[in-house]
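*Asks:* Everything in the sequence shown is counted per my numbering, starting at 3 for the first residue and increasing by one. Input: one structure, supplied below.
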Amino acid sequence: MMELLTMDGHGIYVWSTYILTVVVLIGLGIFPFIRLRRFKQRNQEDIEL
Numbered sequence: 003m004m005e006l007l008t009m010d011g012h013g014i015y016v017w018s019t020y021i022l023t024v025v026v027l028i029g030l031g032i033f034p035f036i037r038l039r040r041f042k043q044r045n046q047e048d049i050e051l
């Protein structure tokens, strides 16, 4: 199991890249929903004025 994590000394680079990739993919999935919510709020404020 430890060999899987260390990967002959390259584990820190491999696992940090995997973690960064997952974080970016999650961000790409969440960011459009945040922008859509902001867009709807701004349009609602414009309609109320």
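Here a beta-carbon is modelled for each residue, glycine too, at the ideal position from N, C-alpha and C.
1) I think residue 22 touches residue 13, with their Cβ atoms under 8 Å apart; what is that distance to the nearest whole Å?
2) Do you know how far the Cα of residue 35 is from the Cα of residue 9?
3) For residue 20, which residues in the same chain have their Cβ closer than 7 Å to its Cβ, ignoring the five residues on either side in sequence?
4) List the endpoints of the continuous alpha helix (DSSP H) containing residue 10.
*Replies:* Considering the structure as presented:
1) That pair is no contact at about 14 Å.
2) 37 Å
3) none
4) It is not in any alpha helix (DSSP H) - residue 10 carries neither H nor E in the DSSP assignment.
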